[in-house]
Amino acid sequence: MKPILISLIALFSVLSCKSAAVTTPVDSSEAVSSAAFFKEIAKEPTFDQVKISSRVSAETGSYVPPIDATIYIEKDQKVWMNMAAVFFNVARGIATPQGIKGYEKWNKTYIESDYSYLNRMLGVEFLSYERLEDLLLGKSFVPLDPNSFELRKNVSGYTLSSRGPLSLGGETSGRDYQISLQYASNFDLNKVLLQQSNSNNSLEVTYSNWKTLSGQRLPGSVKINIKGEKNGLIGLENTKFEFTPISTPYSVPGDYTKVEIR
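Using mature numbering (1 follows the signal peptide of the UniProt record, and there is no 0), the letters of the sequence shown correspond one by one to residues -20 to -1, 1 to 242.
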């Protein structure tokens, strides 16, 4: 349980696990102009904050009971998460543009890290607080240069595919990725797939059960699937969205032990 809680507190740092090839079905499609499409998917949410009531599940090869979570996003400022099991708070975490912090009560441990840890583990340079917000809200969390992608329209919506392997970690990372994103006809993001070139490592994030609330489109279900040396699946079933501010207390008790993450 402890590793799962630490990973969840770190707000999906399990994305750093390695992962196996995923086959994407080929469908009949046609190339289309991308200018209007990129303008549409780049639209920012209009709310200042959102509180999400969620049920979090994790599969890592051993049983982990589902955990109730409150996720509070204050746009461009922080993501705060409180987790509870059987009505008792068990863990809490907060992410800001400066980094990630979290603690769990069972083992009385806490973590503190900037985003360089997650970037090193993923072999990328783009992961940041902004990208974390995008991941949770169903926006693309990978850099999208229109010149590097081909857009095709099909019967179910749109597919955005990299024209070739893209480096997401700078010249020294040695990691290139084929990237594809699938969108519904109304521009809801359905799936993001990163397939590492010359290996079986991949990361897949899927979104479903989209809802319209106060004029906003938000995903009711988020699944993060990692396959490879270490397989993992994290699921978020978002049951309620509210747009009112809440307090987000965070302080680590003095008798907790810091866990060093490298």
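Every residue gets a Cβ at the ideal spot worked out from N, C-alpha and C, and that includes glycine.
{"Check": "Straight-line gap, Ala16 to Phe121 (C-alpha atoms, nearest Å)", "Outcome": "19 angstroms"}
{"Check": "Beta-ladder partner(s) of Gln158, from DSSP", "Outcome": "Gln175"}
{"Check": "Residue span of the beta strand (DSSP E) that contains Lys133, given as start and end", "Outcome": "129 to 134"}
{"Check": "Whole-number beta carbon distance between Tyr109 and Ala75, since they are thought to touch under 8 angstroms", "Outcome": "6 angstroms"}
{"Check": "Cβ shell of Pro5 (< 7 angstroms), same chain only, five flanking positions each side left out", "Outcome": "Because the pLDDT at Pro5 is just 43, under 50, the model does not fix this residue reliably, and the value given afterwards should be weighed accordingly. No residues qualify anywhere along the chain."}
{"Check": "CA-to-CA distance, Thr219 to Gly200, given in whole angstroms", "Outcome": "7 angstroms"}
{"Check": "Which listed residue (Pro233, Glu240, Ser227) has its alpha carbon closest to that of Val59", "Outcome": "Ser227"}
{"Check": "Cβ-based burial, Leu131 [other Cβ within 10 Å; buried from 16]", "Outcome": "buried"}
{"Check": "Three-way DSSP call (helix, strand, coil) for Glu113 in this model", "Outcome": "helix"}
{"Check": "Endpoints, alpha helix (DSSP H) assigned at Ala15", "Outcome": "15 to 21"}
{"Check": "Where residue 245 falls, given that 16 or more other Cβ within 10 Å makes a residue buried", "Outcome": "An answer regarding residue 245 cannot be provided, because it is not within the stretch -20 to 242 covered by the chain."}
{"Check": "Through-space distance from Leu115 to Tyr52, alpha-carbon basis", "Outcome": "14 angstroms"}
{"Check": "Contacting residues, own chain, Cβ-Cβ under 8 angstroms from Asp235 (five flanking each side not counted)", "Outcome": "Lys88"}
{"Check": "Nonlocal neighbours in the same chain, by C-beta distance under 6 angstroms from Gly137, ignoring five residues either side", "Outcome": "Tyr163, Ala164, Ser165"}
{"Check": "For Lys19, the nearest candidate out of Glu217, Ser141, Phe167, Gln29 (CA to CA)", "Outcome": "Phe167"}
{"Check": "Reference Pro45, options Leu169, Gly215, Leu198, closest by Cα", "Outcome": "Gly215"}
{"Check": "Assigned exposure category for Ser160 - 16 Cβ within 10 Å defines buried", "Outcome": "buried"}
{"Check": "Cβ-based neighbour list, Gly195, same chain, cut-off 8 angstroms, excluding 5 preceding and 5 following", "Outcome": "Thr26"}
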